[in-house]
Structure formats: C-alpha cells, structure tokens
Amino acid sequence: MATAKIKKGDTVKVMVGDAVKCKGKEGKVISVDHKKGKVVVEGVNKVTKHAKPSAANPNGGIIEKEAPIDISNVMYLHKGKPTKVGFKMDGDKKVRFAKSTGDIID
51 MATAKIKKGD
61 TVKVMVGDAV
71 KCKGKEGKVI
81 SVDHKKGKVV
91 VEGVNKVTKH
101 AKPSAANPNG
111 GIIEKEAPID
121 ISNVMYLHKG
131 KPTKVGFKMD
141 GDKKVRFAKS
151 TGDIID
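Quick note on the numbering used here: the sequence shown kicks off at 51 and runs consecutively.
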C-alpha cells in the first residue's frame, strides 16, 4: 500500500460515506491503522457497543464510540478547505505539502 498521507492529529473532512451519518463532517484524527488503511476520526462514524459490567465499568451498559473509516474517504483540511497532500524534499528532509496552495504542512 502507498504511504499514508494522513497522520494522527490532522484535521480531516469526510468526503464519502453514509449521507446522513458522516459525509461532510470534520474532525481530528485519533488514530491511523496503516496496514488496514483505516482512520478513526473524533466525532465521526459513532457506533453503540453493549458492554458487560467489569472492574473498569461496574455498571456496564451501552457505550458510544468512534469506529474506523477508510483512509480514502477523508481529505486533509488546510485553512478550512479540503486538499490533496503530497510529499517533496525540503533540503535533505522529506515534508508534506498541501497541493492546492503549495504550503508546507509539517
């Protein structure tokens, strides 16, 4: 698989998905799974999970948490607008840049 251009902590926008559930939502990336090509975005693709009582959660009950979505369904947000991300060499260092503006991201 190609290099993942989205990293943990990036702000992304969901471009494709269930029209009511998550398309168009924005959020911060909580985690990235490079092997499966999935990302978990804060406040997007929430699912309910039924948990048994345990030491950590003595009452159990229904827990709401974010589920992973495919990395191809999200785009990096640069200055409030979705943009593609590319790589280029800045001296001897490889950096990410926003293709729409050419600005270096990190």
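Just so it is clear, CB atoms sit at the ideal spot from N, CA and C, and this is done for glycine as well. Quantities reported herein were computed from a predicted structural model and do not represent experimental measurements.
Assigned exposure category for residue i - 16 Cβ within 10 Å defines buried
{"i": "N107", "result": "exposed"}
{"i": "H100", "result": "exposed"}
{"i": "K143", "result": "exposed"}
{"i": "F147", "result": "buried"}
{"i": "N109", "result": "exposed"}
{"i": "G77", "result": "buried"}
{"i": "V64", "result": "buried"}
Distance between beta carbons of residue j and residue i, contact taken as under 8 Å
{"i": "E116", "j": "V90", "result": "5 Å"}
{"i": "D66", "j": "V79", "result": "For the record, residue 66 in the displayed sequence is Val; it is not Asp. The pair is not a contact, with the Cβ atoms about 16 Å apart (cut-off 8 Å)."}
{"i": "K55", "j": "V82", "result": "Not quite, the Cβ-Cβ distance comes to about 10 Å (not below 8 Å), so this is no contact."}
Residue i in three-state terms, based on DSSP
{"i": "I119", "result": "strand"}
{"i": "K63", "result": "strand"}
{"i": "P103", "result": "coil"}
{"i": "S150", "result": "coil"}
C-beta atoms of residue i and residue j nearer than 8 Å
{"i": "I121", "j": "V94", "result": "no"}
{"i": "D68", "j": "Y126", "result": "no"}
{"i": "G136", "j": "K149", "result": "yes"}
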